[in-house]
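**Q**
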């Protein structure tokens, strides 16, 4: 079992819809959870982080964390073609200072 | 402006040649990381360093070497022992503060190709 799992996609949504991206993790001691966006040929950029159970909203983005079920999700409201990218989930496991990465979900927002 | 600078953006290596990728940060971050990214394989950790003059192997360290003589700099050497070095190389840095907050900030990457 991979430590951090994401559906590779591609996930295709129409412009203006809500895109829902999911990530599950195996280490129950994980403390910090991050979502990065990576455009083709570019480096990842941080878009959200969350530490506590529940929802965290930032503009059109909402991160949701459920530690009991060991999943973290990212919702993108009013999706735009510019949101088309690969979204990487990263988890910090316990006291280990390394981030554990998922393989990413490819999102395509169709005009 | 603070940030992480990787150079060069593109690099071509001949068979049997060692090459060094540069990574410099002015964010005053303690930790620095090198990742390799291949299509469909996500980010794989090569080496990381949490303090000057100390570094640890990641998951795929064979054929690579690093040094951390200054807090700002963490160069990666791809040696001739790395048999399949063609990939996108990413350098990152982070702080360690509070309750496990270690978001990584990335440089723009170096695309290495063997010719």
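Chains as they are written, first to last, in our numbering: chain A, 6 to 116; chain B, 76 to 190. Ideal Cβ placement from N, Cα and C applies to all residues, glycine included. As the structure is a computational prediction, the values presented were derived from the model and not from experiment.
#1: Residue 118(B) CB to nearest chain A CB: under 9 Å?
#2: Under a three-way DSSP split, which group does residue 87(A) fall into?
#3: Are residue 103(A) and residue 139(B) close, meaning C-beta to C-beta below 9 Å?
#4: On the criterion of 16 or more Cβ atoms from any shown chain inside 10 Å, does residue 97(A) qualify as buried, or is it exposed?
#5: Can you name the residues of chain A whose CB is closer than 9 Å to the CB of residue 136(B)?
#6: By alpha-carbon positions, which one of 134(B), 183(B) and 92(B) ends up nearest to residue 84(B)?
#7: Beta-carbon of residue 66(A) versus every beta-carbon of chain B: anything under 9 Å?
#8: Leaving out five residues before and five after residue 77(B) in sequence, what residues of the same chain have Cβ atoms less than 6 Å from its Cβ?
#9: Roughly how many whole angstroms lie between the Cα atoms of residue 146(B) and residue 112(A)?
#10: Is residue 97(A) close to chain B, meaning its C-beta is less than 9 Å from at least one C-beta of that chain?
#11: Identify every residue that forms a DSSP beta bridge with residue 26(A).
#12: Tell me whether the beta-carbon of residue 155(B) lies closer than 9 Å to the beta-carbon of residue 115(B).
#13: Along the chain, where does the beta strand (DSSP E) that runs through residue 42(A) open and close?
#14: Which residues of chain A have a Cβ atom closer than 8 Å to the Cβ of residue 181(B), listed in chain order?
#15: Since residue 80(B) sits in a beta bridge, which residues does DSSP pair it with?
#16: Let me check understanding here. Comparing Cα to Cα, which of 187(B), 170(B) and 181(B) lies closest to residue 105(B)?
#17: Can you round the beta-carbon distance between residue 86(B) and residue 185(B) to whole angstroms, since I take them to be within the 8 Å contact cut?
#18: Is residue 86(A) near residue 116(A), with beta carbons less than 9 Å apart?
#19: Determine the chain B residues that contact residue 25(A) at a beta-carbon separation under 9 Å, and present them in chain order.
#20: Would you mind working out which of 88(B), 179(B), 108(B) and 93(B) sits nearest residue 127(B), comparing C-alpha positions?
#21: Hey, which unbroken runs of the beta strand (DSSP E) at 3 residues or more fall wholly within the region 115-140 of chain B?
#22: What residues of chain B sit near residue 4(A), judged by a beta carbon separation below 7 Å?
#23: Suppose you measure from the CA of residue 97(B) to the CA of residue 110(A); what does that come to, to the nearest Å?
**A** This is what the structure holds:
#1: Counting from one through the second chain, the residue named residue 118(B) turns up at place 43. Yes, its Cβ sits closer than 9 Å to a Cβ of chain A.
#2: In the first chain, residue 87(A) corresponds to position 82, counting from 1. Of the three classes helix, strand and coil, the one that applies to residue 87(A) here is helix, per DSSP.
#3: Taking the first residue of the first chain as 1, we reach residue 103(A) at position 98. Taking the first residue of the second chain as 1, we reach residue 139(B) at position 64. Taking 9 Å as the Cβ cut-off, residue 103(A) and residue 139(B) do not qualify as a contacting pair.
#4: Here residue 97(A) refers to the residue found at position 92 of the first chain. With 16 or more other Cβ atoms within 10 Å, it is buried.
#5: Start at 1 with the first residue of the second chain, and residue 136(B) comes out as number 61. Here the premise fails: no neighbours, minimum Cβ distance about 13 Å.
#6: Translated into the one-based positions of the second chain, residue 84(B) becomes position 9. Comparing Cα positions, the closest option is 183(B).
#7: Against the first chain, residue 66(A) aligns to sequence position 61. Chain B, which has no Cβ nearer than 9 Å to the Cβ of residue 66(A), makes this no.
#8: Counting from one through the second chain, the residue named residue 77(B) turns up at place 2. Closer than 6 Å at Cβ, skipping near neighbours: 101 and 102.
#9: Within the second chain, residue 146(B) is the residue found at index 71, counting from 1. Within the first chain, residue 112(A) is the residue found at index 107, counting from 1. Computed Cα separation, rounded: 37 Å.
#10: In the first chain, residue 97(A) corresponds to position 92, counting from 1. Yes, because at least one Cβ of chain B sits closer than 9 Å to the Cβ of residue 97(A).
#11: Along the first chain, read from residue 1 onward, the residue named residue 26(A) stands at position 21. According to DSSP, residue 26(A) bridges with 79(A).
#12: Reading the second chain from its first residue, position 80 is the one you call residue 155(B). Reading the second chain from its first residue, position 40 is the one you call residue 115(B). No.
#13: The count along the first chain starts at 1 and reaches residue 42(A) at position 37. Taken as a continuous stretch (DSSP letters only), the beta strand (DSSP E) holding residue 42(A) covers 35-43.
#14: Residue 181(B) sits at position 106 when you count from the first residue of the second chain. Correct list: 48, 49 and 50.
#15: The count along the second chain starts at 1 and reaches residue 80(B) at position 5. According to DSSP, which records beta bridges pairwise, residue 80(B) is partnered with 99(B).
#16: Locating residue 105(B) in the second chain gives position 30, where the first residue counts as 1. Closest option to residue 105(B), Cα to Cα, is 170(B).
#17: As a first step, residue 86(B) must be located in the second chain, where it is residue number 11. As a first step, residue 185(B) must be located in the second chain, where it is residue number 110. About 6 Å; that satisfies the 8 Å criterion.
#18: Taking the first residue of the first chain as position 1, residue 86(A) is located at position 81. Taking the first residue of the first chain as position 1, residue 116(A) is located at position 111. Yes.
#19: Working through the first chain from its first residue, we reach residue 25(A) at position 20. Within 9 Å Cβ-Cβ: nothing; residue 25(A) doesn't reach chain B, min ~20 Å.
#20: In the second chain, the residue the question calls residue 127(B) occupies position 52. Residue 108(B) is the option with its Cα nearest to residue 127(B).
#21: 118-126 and 129-132
#22: Any property of residue 4(A) remains undetermined from this structure, which presents chain A solely from 6 to 116.
#23: For the purposes of this step, residue 97(B) is taken as residue 22 along the second chain, with counting starting at 1. For the purposes of this step, residue 110(A) is taken as residue 105 along the first chain, with counting starting at 1. Cα to Cα, the separation comes out at about 29 Å.
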